[in-house]
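S.K.:
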Amino acid sequence: MPRVTFTEPDGAVVEIEANPGDSVMETAVRNGVQGIVAECGGSLSCATCHVFVREDEVDELPAMEEMEDEMLWGTAVDRQPNSRLSCQLRVTEDFDLHVTMPDTQV
Ligand code: FES
4 MPRVTFTEPD GAVVEIEANP GDSVMETAVR NGVQGIVAEC GGSLSCATCH
54 VFVREDEVDE LPAMEEMEDE MLWGTAVDRQ PNSRLSCQLR VTEDFDLHVT
104 MPDTQV
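Here the sequence shown stands for residues 4 to 109, numbered as in the numbering used here.
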């Protein structure tokens with residue numbers, strides 16, 4: 004079963020068994036994980052689903068599209084080299100991803 008491990012803004016670690024095809028944002032919201040707002044519902048227009056991907060896992064993810072890259076300049080907490088928008092990360096069968104949420108999304 005694919006898995007996503009979230010570190011919430013207060014440091015709590017939540018491990019979720021994820022459904023292939025869902026986004027990481029959907030996985031968080033459906034399971035009540037704290038720290039992702041996802042105002043736009045995943046339509047790539049809010050940047051409130053910002054996460055930091057564990058550094059050794061960044062290169063395993065599909066490269067971001069230009070629009071995600073642009074939206075990441077508008078996050079509440081400054082982007083880092085390991086920043087992604089979690090609505091753009093799609094869970095696959097062999098997923099074992101670790102992400103940390105920023106202190107705030109707005
Ligand atoms: S949920 Fe709005 S950009 Fe990801």
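Glycine residues also receive a C-beta, built at the ideal position from the N, C-alpha and C atoms.
List the endpoints of the continuous alpha helix (DSSP H) containing E29.
M.R.: By 1-based counting over the sequence shown, the position of residue 29 is 26. V27 to R33 is the extent of the alpha helix (DSSP H) around E29.
S.K.: Run the proximity test for T51: is its beta-carbon closer than 8 angstroms to any non-hydrogen atom belonging to the ligand FES?
M.R.: As a working mapping, residue 51 is identified with position 48 in the sequence shown. The answer is yes for T51.
S.K.: Can you tell me which of the three DSSP states E18 falls into?
M.R.: In the sequence shown, residue 18 corresponds to position 15, counting from 1. Correct three-state label for E18: strand.
S.K.: Q91: beta carbon under 8 angstroms from a heavy atom of the ligand FES?
M.R.: The sequence position of residue 91 within the sequence shown is 88, counting from 1. Yes, the ligand FES has a heavy atom inside 8 angstroms of this Cβ.
S.K.: Using a Cβ-Cβ cutoff of less than 7 angstroms, which residues in the same chain neighbour V32 once the five nearest sequence positions on both sides are dropped?
M.R.: Translated into positions along the sequence shown, residue 32 becomes position 29. Excluding positions up to five away in sequence, the list reads I39 and A41.
S.K.: For R6, which of D106, H101 and T107 has the nearest alpha-carbon?
M.R.: By one-based count along the sequence shown, residue 6 stands at place 3. Of the candidates D106, H101 and T107, the one whose C-alpha sits nearest the C-alpha of R6 is H101.
S.K.: Spatial neighbours of G77 within its chain, please: CB distance less than 8 angstroms, with the 5 preceding and 5 following residues excluded, ordered by chain position.
M.R.: Residue 77 sits at position 74 when you count from the first residue of the sequence shown. Cβ neighbours of G77 beyond the five flanking positions: A50.
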